[in-house]
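**Q**
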Amino acid sequence: MGRAVTVATCALNQWALDFEGNLERIFRSIDIAKSKGARYRLGPELEICGYGCSDHYYESDTLLHSFQVLGKLLESPATQDIICDVGMPVLHRNVRYNCRVIFLNKKILLIRPKISLANAGNYRELRWFTPWSKARHVEEYFLPRIIQEVTGQETVPFGDAVLATKDTCLGTEICEELWAPNSPHIEMGLDGVEIFTNSSGSHHVLRKAHARVDLVNSATAKNGGIYILANQKGCDGDRLYYDGCAMISMNGETVAQGSQFSLDDVEVLVATLDLEDVRSYRAEISSRNLAASKVNPYPRVKVNFALSCPDDVAVPTCMPIQWRHHSPEEEISLGPACWLWDYLRRSKQAGFLLPLSGGIDSSATACIVYSMCHQVCLAVKNGNADVLADARRIVNDGTYIPEDPREFCKRVFTTCYMASENSSQDTCNRAKLLAEQIGSYHINLNIDVAVKAVVGIFSVVTGRTPRFSVYGGSSRESLALQNVQARIRMVLAYLFAQLTLWARGMPGGLLVLGSANVDESLRGYLTKYDCSSADINPIGGISKTDLKSFIQYCIENFQLTALRSIMSAPPTAELEPLVDGQVAQTDEADMGMTYAELSVYGKLRKIAKAGPYSMFCKLINMWKEICTPREVASKVKHFFRMYSVNRHKMTTLTPSYHAENYSPDDNRFDLRPFLYNTSWSWQFRCIDQQVSGL
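Reminder that position 421 of the sequence shown reads as 421 in UniProt numbering, one-by-one numbering, no gaps.
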């Protein structure tokens with residue numbers, strides 16, 4: 001009697017519409033799974049076309065090419081004698097579904113459409129797909145001719161069913177269905193399904209991984225069973241980083257854990273588990289057994305195949321392990337670094353350029369690039385041929401081997417300190433020292449000539465010369481002069497990104513990195529089309545508080561002592577004139593609020609869905625020890641005025657790594673107007689009435 005089943009799951013770095021590359025990575029995962037004895041292989045959600053196709057899902061080409069790839073998989077000897085579970089879009093009776101296609105030995109066993117679609121935050125699945133609403137119902141799906149020619153089948157089952165093999169029963173969930181309050185695994189488990197599978201397209205958010213792990217383990221803790229989760233990994237073409245964490249769990253305990261961050265395009269987990277452990281675990285849960293006796297049964301697709309071998313008494317099975325979670329500082333060090341690497345190699349550019357100001361934000365960005373260089377060197381040391389090939393192509397040297405992170409950083413990373421008459425020697429020295437310690441190619445330049453030229457044009461045309469407020473000018477004049485400096489830095493950043501390597505006799509161009517954090521974007525404390533305007537921004541979804549903790553992590557783990565003085569210096573834009581050679585301008589004074597307060601406002605506005613009045617009501621309790629109700633009202637009003645005045649800046653925000661659930665990214669995550677009535681008269685009057693009563 002077979003009882004030890006060997007199953008495989010994987011995390012694949014798929015890329016939207018890269019059908020060639022996606023197919024190759026799927027084949028590699030199947031080869032690895034078979035070489036380790038697996039009889040079932042699970043892949044990520046929509047792995048054939050890539051999860052992030054967005055409106056390309058509307059195109060018939062996407063469906064056609066997905067079926068062409070499926071045909072290649074079906075006809076290949078590599079997929080023989082293993083149940084393969086792959087994801088792709090399928091059009092059934094002119095309705096588009098997000099599906100799993102499960103096949104064995106050139107025969108499609110079942111097409112299972114997704115029941116619960118993800119449609120919050122960064123997800124828009126209801127825009128492209130329709131959920132399957134016919135519970136425990138199966139229909140005939142007429143296969144396209146290119147698939148009929150391979151399988152010899154005209155129709156296959158399509159719908160909400162489970163697979164009954166010779167030794168066990170498997171049921172499918174797709175990503176969001178695990179997170180739904182009425183997850184299918186509950187009733188499938190009551191109906192005798194012993195192995196649950198979940199194909200995910202789940203992206204990284206700081207401090208989120210434990211929630212996913214807890215959900216998987218709890219799925220089998222109450223009901224017993226084996227739960228197999230696959231996930232996408234990497235940057236598949238937009239702001240999200242899919243963070244792997246493929247896992248296998250049994251009876252509420254993790255037995256196999258995949259990495260959350262790595263540069264491996266293909267990662268496969270294989271586990272051998274004893275079905276009798278599931279059966280004995282369930283046997284003593286009387287409440288489960290009573291519920292099972294009343295369950296509405298699922299349609300079963302019979303499969304003449306076993307996941308176990310007849311004589312498997314001596315086969316060793318996997319034991320529970322303790323899941324190791326990364327700290328938030330490690331997540332910042334690894335997640336954005338892997339995202340940058342994917343973006344660099346897939347954009348076919350030669351490196352990055354960063355305007356390095358000597359402040360916390362740009363220094364944190366530089367440290368993330370340095371961490372990327374560490375990851376590349378470590379991957380090459382561990383024998384990753386893909387990373388080595390990409391590194392050689394990026395540096396244009398077919399014999400190069402990246403061994404030292406500082407040396408590799410010198411080749412792919414250019415930092416540039418853009419001084420003005422308002423810059424201090426302290427920030428110049430800090431930027432230079434950090435560049436030396438991470439190994440970047442560092443440029444020092446002065447922008448005063450360009451600033452004077454631009455202001456001079458204005459003076460010639462208007463006959464007026466604007467002045468800073470410390471010299472008697474108005475706030476309008478002072479702000480305009482600050483913005484000129486900031487915008488000239490953006491222009492120069494792109495000029496140097498395009499031509500620095502040319503000037504050094506090297507091929508290629510550089511991607512410009514931005515370094516505005518999530519709190520500054522929320523408040524709008526940035527100049528539109530300044531150095532916040534870049535190609536990509538690895539810290540745009542990270543709070544100032546978390547960045548400070550990350551800087552401390554880099555001091556301790558990368559021995560970057562230059563960061564100590566950067567940490568101790570007050571954040572400043574250095575756009576106003578110095579006073580006695582010292583910086584007089586600070587970010588928090590300019591903003592009229594602290595970074596800590598900004599994080600609180602951001603979480604209440606986005607995560608708690610609080611408008612001005614609700615935010616005031618929450619904060620008078622949260623801050624009752626430090627602020628009077630009138631002070632809270634003043635702070636809330638100031639935040640909403642500044643937020644609404646500056647919201648238009650979010651429409652041009654540089655694509656940023658998504659790491660926080662209170663990101664103000666206007667592109668798809670935080671959909672709001674960008675022209676507000678900034679007086680908020682009705683809302684503020686409600687606050688004033690409460691203040692008067694209090």
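Note that the Cβ used here is the ideal one computed from N, Cα and C, for glycine as well.
As the structure is a computational prediction, the values presented were derived from the model and not from experiment.
#1: May I ask which residues mark the beginning and end of the alpha helix (DSSP H) holding V579?
#2: Looking at P184 and E194, is the spacing between their C-beta atoms short of 7 Å?
#3: Where does P184 sit, in a helix, a strand or coil, going by DSSP?
#4: Should P405 and C373 be called a contact, given that it needs their Cβ atoms to be closer than 7 Å?
#5: Is it the case that the stretch 30-41 contacts the stretch 7-20, given that we only count it when at least three CB pairs across the two stretches are under 8 Å?
#6: Taking its Cβ as the centre, do 16 or more other Cβ atoms sit within 10 Å of R25, making it buried, or is it exposed?
#7: Which ranges would you report for the beta strand (DSSP E) in the stretch 320-382 if only whole runs of at least 3 residues count?
#8: Leaving out the 5 sequence neighbours to the left and right, which residues in its chain are closer than 8 Å to V600 when beta-carbon positions are compared?
#9: Let me know the alpha helix (DSSP H) ranges lying completely inside the stretch 268-324, each 4 residues or longer, listed in chain order.
#10: Could you say which of M615, L70, S249 lies nearest to L278 if we only look at CA atoms?
#11: Thinking residue 695 and D85 are a contact (beta carbons under 8 Å), I'd like their distance in whole angstroms, please.
#12: Is the stretch 88-106 close to the stretch 66-79, with three or more CB pairs under 8 Å?
#13: Let me know the beta strand (DSSP E) ranges lying completely inside the stretch 119-168, each 3 residues or longer, listed in chain order.
#14: In angstroms with no decimal places, state the Cα-to-Cα distance between G252 and K222.
#15: Going along the chain, which residues of its own chain have a beta-carbon closer than 7 Å to the beta-carbon of G473, five neighbours each way excluded?
#16: Return the bridge partner residues of F413 from the DSSP annotation.
#17: In whole angstroms, give me the CA-to-CA distance for F261 and A450.
#18: Which same chain residues end up closer than 6 Å to A230 when comparing Cβ atoms and leaving out the 5 residues on each side of it in sequence?
#19: Among the residues of its own chain, which have a CB less than 6 Å from the CB of G237, if the five just before and after it don't count?
#20: Applying the criterion that 16 or more other CB atoms from any shown protein chain within 10 Å of the CB defines a buried residue, is T651 buried or exposed?
#21: Give me the residue from D665, D264, E631 with the minimum Cα distance to Y643.
#22: Could you tell me which uninterrupted alpha helix (DSSP H) segments, each at least 4 residues in length, are contained entirely in the stretch 653-694, listed from first to last along the chain?
#23: So, helix, strand or coil for Q232, using DSSP?
#24: Compare the C-alpha of S308 against each of V395, D160, T165 and name the closest.
#25: Helix, strand or coil: how does DSSP classify S199 here?
#26: In its own chain, which residues sit with a C-beta less than 7 Å from the C-beta of Q153, not counting the 5 before and 5 after it?
#27: Measure the alpha-carbon distance for Y370 versus E139 and round it to whole angstroms.
#28: Using 8 Å as the Cβ pair cut-off and three pairs as the minimum, do the stretch 493-500 and the stretch 609-619 touch?
#29: CA-CA distance, K609 and T572?
#30: Assuming C428 contacts Y417 (C-beta within less than 8 Å), just tell me the rounded distance between them.
#31: I'd like the span of the beta strand (DSSP E) that includes C84, first residue to last.
#32: Rounded to a whole number of angstroms, what is the C-alpha to C-alpha distance between E187 and P316?
#33: Within this structure, are the beta carbons of G258 and G225 separated by less than 7 Å?
#34: Tell me the residue span of the beta strand (DSSP E) that contains V470.
#35: Counting along the chain, where does the alpha helix (DSSP H) carrying K635 start and finish?
#36: Compute the distance between the beta-carbons of P336 and Y657, then report whether it is under 7 Å.
**A** Short version:
#1: Here V579 belongs to no alpha helix (DSSP H), and DSSP marks it neither H nor E.
#2: no
#3: helix
#4: yes
#5: yes
#6: buried
#7: 352-355
#8: L619, M622
#9: 275-283, 286-292
#10: It should be noted that the sequence gives Val, not Leu, for residue 278. Cα-wise, what sits closest to V278 is S249.
#11: Since the first residue shown for the chain is 1 and the last is 694, residue 695 is missing from the structure and cannot be characterised.
#12: yes
#13: 138-142, 155-159, 162-164
#14: 8 Å
#15: P466, R467
#16: F352
#17: 43 Å
#18: T9, C10, L42, G43, P44, S199, A246
#19: A16, G52
#20: exposed
#21: D665
#22: 681-693
#23: strand
#24: T165
#25: strand
#26: K107, I108, L143
#27: 54 Å
#28: no
#29: 31 Å
#30: 6 Å
#31: 83-92
#32: 30 Å
#33: no
#34: It is not in any beta strand (DSSP E) - V470 carries neither H nor E in the DSSP assignment.
#35: 629-646
#36: yes
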